[in-house]
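Numbering (this note's numbering), first residue to last: 1122 to 1472.
All C-beta atoms in this analysis are idealised placements derived from N, C-alpha and C, irrespective of residue type, glycine included.
All of these numbers come straight from a predicted model, not from anything done at the bench.
Report on one structure; see the data block that follows.
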C-alpha cells in the first residue's frame, strides 16, 4: 500500500474521512482532466465507453452480471424508484437512525407504513406482511455492521423484498449483491469515484415488478433511437432503470473501480480493518470505547464529536456525526495516520 499511496494519492492532511467522501486516485483525476479538455474541443468520445466500463467493473465487484446493474447519480433516486413501485399500505421496515437517503423516499409516501427498529433487531422484526426491508450494510453514523445473512433468511421466510444500501461497505467488504432484491451504492466513498456516480442492482424477479418511471432516452434498448416521443422499446436489461449518466463522473469512476479490482476488495478490507483495530486499541488506552467493537473501518466514539474542529487544526480530517467522533480508514491511510490521530486526541483531551 505504501507505493500506492505515493503514486495515486496526494492528501496534504491526515485524511480519515472516507465515510464522507473518498479520495480520488491520480489515474481518475487525470482521466477527468483529459475528458474536460476533450469536451472543450468537442471530443466526447470517452463518455459512453466510461459508462460501460464503470457498469461492468461495478458488476464484477458486486458479484453480479452487468445486465443486472443500472446507473444513476444518487442513492436517493434509486430508492425513490423502488419506493414508487410499492402498493398503497405496504409496510417498509427500516433501521432507526439509518441514512436519510435510504429512509426518506419511503417516508414521503404517506400511504406507506414505515416502521423503524434497532439495527440489532431488524431481522427478527421482519414479519408476515412486511413488503420490504431496507438496511444499510454498515451504519454511516457509527460503523456498526448489519447481519445481512440473518436479514436475508428472515426476509425469505416471510416473502419480503430486500434492499441493501452498500454505500458504506462496497470497496472494502465483499458482497454478493445477487443475494438481495435490490442493492444501491453511492460510489463516491469507499469506491473512490467522483460524486455523481451511483449504482442500482436489481434482481430478476424484482425487475419484473419494478416500473422504470424515470426512464429517459438512455434507458431505451437502442438509445440513439430513443430520443423523441415514446420510447418504442426499453432495454431488456436493468439499463431500463438508468438515469441519464453524469458523464464526467463516470469518466472518473471507471479508473477508480479498476483500481479497486486491481488491489482486490479482500486486500483493501484487511488493510482498512487492521488500521481500525489499531485505533480501537489506542482509544482503549485513552479510556474511551468505540461504538462499533470490530469488523468495520468506521470507528465512532460517542460524545467526542466536539473534538473534530481541534483535530482539524492539527491537520486531521474526520467527522462529527450524531455527536460521535467518526474516523474512517481506507487504503491510502497508514499506521502513522492512526498514531497521529491518537497523539492529537491525547493532547486535545489533556487540554
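If you follow the alpha helix (DSSP H) that residue 1168 is part of, which residue opens it and which one closes it?
That run of the alpha helix (DSSP H) goes 1168–1183.
Does the distance from the CB of residue 1227 to the CB of residue 1213 come in under 7 Å?
yes
Let me check you understand the geometry: is the CB of residue 1445 closer than 6 Å to at least one non-hydrogen atom of the ligand GTP?
The model on display carries no ligand, and the ligand GTP is accordingly not part of it.
Report yes if the CB atom of residue 1184 is closer than 7 Å to the CB atom of residue 1298, and no otherwise.
yes
Beta-carbon within less than 6 Å of residue 1432's beta-carbon, same chain only, minus the 5 sequence neighbours each way: which residues are those?
These residues qualify, in order along the chain: 1465.
How big is the Cα-Cα spacing for residue 1462 and residue 1437?
Rounded to whole angstroms, residue 1462 to residue 1437 spans 7 Å at the Cα level.
With DSSP as the reference, label residue 1286 as helix, strand or coil.
strand
Take every Cβ of the stretch 1242–1254, pair it with every Cβ of the stretch 1272–1283, and state whether three or more of those distances are shorter than 8 Å.
yes
Looking at C-alpha atoms only, which residue of 1200, 1189, 1435, 1379 is the closest neighbour of residue 1220?
1200
Which of the three DSSP states, helix, strand or coil, is assigned to residue 1382?
helix
Between 1222, 1281, 1262, which lies nearest to residue 1246 when the distance is taken from Cα to Cα?
Per the C-alpha coordinates, the member of 1222, 1281, 1262 positioned closest to residue 1246 is 1281.
For residue 1452, does the count of other Cβ atoms within 10 angstroms reach 16, so buried, or fall short, so exposed?
buried
Pull the bridge partners of residue 1368 from the DSSP assignment, please.
BP columns for residue 1368 are empty, so no partner.
Report the start-end ranges of each alpha helix (DSSP H) in the stretch 1213–1291 that is 4 residues or longer and not cut off at the edges.
1221–1228, 1269–1279
Going by CA-CA distance only, name the one from 1331, 1198, 1149 that's closest to residue 1128.
1149
Helix or strand or just coil, what does DSSP make of residue 1135?
strand
If you run the structure through DSSP and keep just helix, strand and coil, what is residue 1352?
It is coil, neither helix nor strand.
Give me the Cα-Cα distance between residue 1159 and residue 1371, rounded to the nearest whole angstrom.
When the Cα atoms are used, residue 1159 and residue 1371 turn out to be separated by approximately 15 Å.
Of all the CB atoms in chain C, is at least one closer than 7 Å to the CB of residue 1456?
No chain C is part of this structure, which consists of one protein chain only.
Is it buried or exposed for residue 1339, if we count other Cβ within 10 angstroms and need 16 for buried?
buried
What are the start and end residues of the alpha helix (DSSP H) that includes residue 1522?
This structure does not reach residue 1522, given that the chain is present from 1122 up to 1472, and the question cannot be answered.
Straight-line CA distance for residue 1177 to residue 1467?
45 Å
From residue 1442 to residue 1293, what distance separates their C-alpha atoms?
21 Å
Mind checking residue 1249: buried by the 16 CB within 10 Å criterion, or exposed?
exposed
Can you look up residue 1361 in the DSSP assignment and give me helix, strand or coil?
helix
Going by Cα to Cα distance, which pick from 1197, 1393, 1309, 1362 is closest to residue 1332?
1362
In angstroms with no decimal places, state the Cα-to-Cα distance between residue 1314 and residue 1377.
6 Å
Which residues does DSSP pair with residue 1441 in a beta bridge?
1446
Once DSSP output is grouped into helix, strand and coil, what is the label at residue 1331?
Collapsing the DSSP output to three states places residue 1331 in coil.
Bridge partners for residue 1319 per DSSP, in chain order?
1193, 1307
Compare the Cα-Cα distances from residue 1335 to each of 1136, 1324, 1359 and report the closest residue.
1359
Identify whether residue 1128 lies in helix, strand or coil by the three-state DSSP scheme.
If DSSP states are grouped into helix, strand and coil, residue 1128 belongs with the helices.
Count the other CB atoms, across all protein chains shown, that sit within 10 Å of the CB of residue 1366; report buried if there are 16 or more and exposed otherwise.
buried
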